[in-house]
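Numbering (the numbering used here), first residue to last: 120 to 233. Working notes, structure below.
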Amino acid sequence: MLAETVFTDDKQRKVRVFREDNLLLFVARDILSSLDFSQKAINNIGKSFSSVPEEWKRYRIIPTNSGRQTALLVSEAGMFYFLFRSNKPKALGFSKWVAHQVTHYTGADTSNGD
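Right, here's the structure in full:
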């Protein structure tokens with residue numbers, strides 16, 4: 120069972136985070152949206168996250184505004200791996216926000232999910 124929490128940053132961008140077996144899983148689509156990736160990149164999310172090791176990615180059925188859908192979720196390690204490789208100017212600020220607000224708030228296990 121996935122437990123969902125929604126976090127909103129100071130720009131009112133929402134990031135959905137699920138907890139599964141004490142592991143945080145971030146909705147990959149929300150990460151791309153928060154970093155202002157193009158709609159094309161968001162629609163081709165598998166390619167956007169192709170550099171993230173498979174063990175840090177999960178596909179899960181989650182609730183959305185359009186009903187329950189399969190979504191790509193990434194572990195905390197996978198999210199930071201993606202962010203540190205990103206050339207998007209907002210990536211560093213987003214990383215800091217997640218590190219200080221999201222993981223601190225949840226008190227989650229910060230392991231890589233192996």
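Glycine included, each C-beta is placed from N, C-alpha and C at the ideal position.
Assigned with DSSP and collapsed to three states, V125 falls in strand. Here R204 is exposed. Its C-beta has fewer than 16 other C-beta atoms within 10 Å.
Using a Cβ-Cβ distance cut-off of 8 Å, the segment 171-181 and the segment 207-214 are not in contact, since fewer than three pairs of beta carbons, one from each stretch, lie closer than that value. If only complete runs of 4 or more residues are kept, the segment 177-214 shows the alpha helix (DSSP H) at 195-204, in order along the chain. Excluding residues up to 5 positions away in sequence, E123, T124, V125, F126, L143, L144, F145, V146, V221, T225 lie with their Cβ nearer than 8 Å to the Cβ of V136 in the same chain. Scanning A196, S185, S153 for the CA closest to the CA of D128 turns up S153.
DSSP lists no beta-bridge partner residue for R132.
In summary, G197 is buried, with 16 or more beta-carbon neighbours lying within 10 Å of its beta-carbon over all protein chains present. Residue pairing of R138 in beta bridges, as defined by DSSP: A122, L143.
I164 and T189 have their C-alpha atoms roughly 12 Å apart.
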